[in-house]
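In my numbering, the protein residues as written are 12 to 202.
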Amino acid sequence: MTTDTDPLCSEEEKMLAGKEYDGFDPHLASLRTQTRQRVARLSHMRSSPSQYAAAVRDLLGSVSDDNAVIETPVYFDYGRNTHVGKRFYMHAMCVILDSGRVDIGHDVVLGPGVQVYTPQHPLDLVARATKVVTAPSVSIGNNVRVGGGAIILPGVRIGNGVTVGAGSVVTKDVPNNVVVAGNPARIVKHL
């Protein structure tokens, strides 16, 4: 078993395990650069369906079918830590900071400018100076719609059949079959 101070445990392994890690690690920086190159490739493949599906698969950790659509411009930290279900659609200008794992279910639509964050920086000023970060995972269930400009914070779990109102900030878990809206997002309707 490795620990946060175990020299055999890489910063990437710590990051994916939800442990404290150094976000400025050179290997992680290199991975982020490679992701930007894969996103650029994706942008150029949109007119060729077979090449586009391959570019989506190359960018993300897993894709359940060849119907995933990612409109560009878009930003991912790593891409490979994001896993999407069938019939996934992401509108332009979305940001997924996937230092931690991001699981997105089937039939999910992210409106323009949606942001999903996993990196979480310390609130304590002394800890913050160490440049250490954690990355709690985020999950979004099946048949979810996330309105434009919404933000989903680290560690949040969104249930199935949820609608997140445009511009909402989701700070805590959301149960199945509800509409949430506001900052912070609150349940405004049960479906």
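Cβ coordinates follow ideal geometry from the N, Cα and C atoms, glycine included.
Can you give me the C-alpha to C-alpha distance between residue i and residue j, rounded to a whole angstrom?
| i | j | result |
| --- | --- | --- |
| residue 133 | residue 67 | 33 angstroms |
| residue 197 | residue 191 | 5 angstroms |
| residue 73 | residue 112 | 11 angstroms |
| residue 79 | residue 161 | 20 angstroms |
| residue 13 | residue 144 | Legend: pLDDT at residue 13 = 40, less than 50; position of this residue unreliable, value from coordinates given subsequently. Answer to the nearest angstrom: the Cα atoms are 18 angstroms apart. |
| residue 195 | residue 155 | 18 angstroms |
| residue 185 | residue 173 | 8 angstroms |
| residue 37 | residue 21 | 11 angstroms |
| residue 153 | residue 169 | 9 angstroms |
| residue 120 | residue 159 | 10 angstroms |
| residue 129 | residue 61 | 31 angstroms |
| residue 124 | residue 140 | 30 angstroms |
| residue 182 | residue 188 | 17 angstroms |
Among all the DSSP beta bridges, which residues are the ones paired with residue i?
| i | result |
| --- | --- |
| residue 197 | 192 |
| residue 120 | 100, 156 |
| residue 150 | 114, 168 |
| residue 33 | 143 |
| residue 58 | DSSP output for residue 58 lists no bridge partner at all. |
| residue 73 | 94 |
Look up residue i in the DSSP assignment and say whether it is helix, strand or coil.
| i | result |
| --- | --- |
| residue 63 | helix |
| residue 184 | coil |
| residue 12 | With a pLDDT of 34 at residue 12, under the threshold of 50, the modelled position of this residue cannot be trusted; read the value that follows with caution. In the structure shown, residue 12 sits in coil (DSSP, three-state: anything other than H, G, I, E or B). |
Just tell me which of the options has its CA closest to the CA of residue i.
| i | options | result |
| --- | --- | --- |
| residue 76 | 146, 86, 94 | 94 |
| residue 122 | 129, 104, 164, 139 | 104 |
| residue 49 | 83, 20, 38, 143 | 83 |
| residue 89 | 44, 126, 62, 56 | 44 |
| residue 96 | 106, 151, 138 | 151 |
| residue 114 | 81, 166, 40, 46 | 166 |
| residue 34 | 57, 110, 64, 65 | 110 |
Just curious, the beta strand (DSSP E) that residue i is in, first and last residue?
| i | result |
| --- | --- |
| residue 94 | 93-95 |
| residue 127 | 126-128 |
| residue 173 | Element bounds for residue 173: n/a, residue is neither H nor E. |
| residue 5 | For residue 5 there is no data in the structure shown, the boundaries of the chain being 12 and 202. |
How is the alpha helix (DSSP H) around residue i delimited, first residue to last?
| i | result |
| --- | --- |
| residue 50 | 37-55 |
| residue 9 | No statement about residue 9 is possible, as the shown extent of the chain runs from 12 to 202 and does not include it. |
| residue 27 | 22-27 |
Kindly examine the ligand GTP and report whether one of its heavy atoms sits closer than 8 angstroms to the Cβ of residue i.
| i | result |
| --- | --- |
| residue 193 | As far as ligands go, the structure on display features none, and thus does not contain the ligand GTP. |
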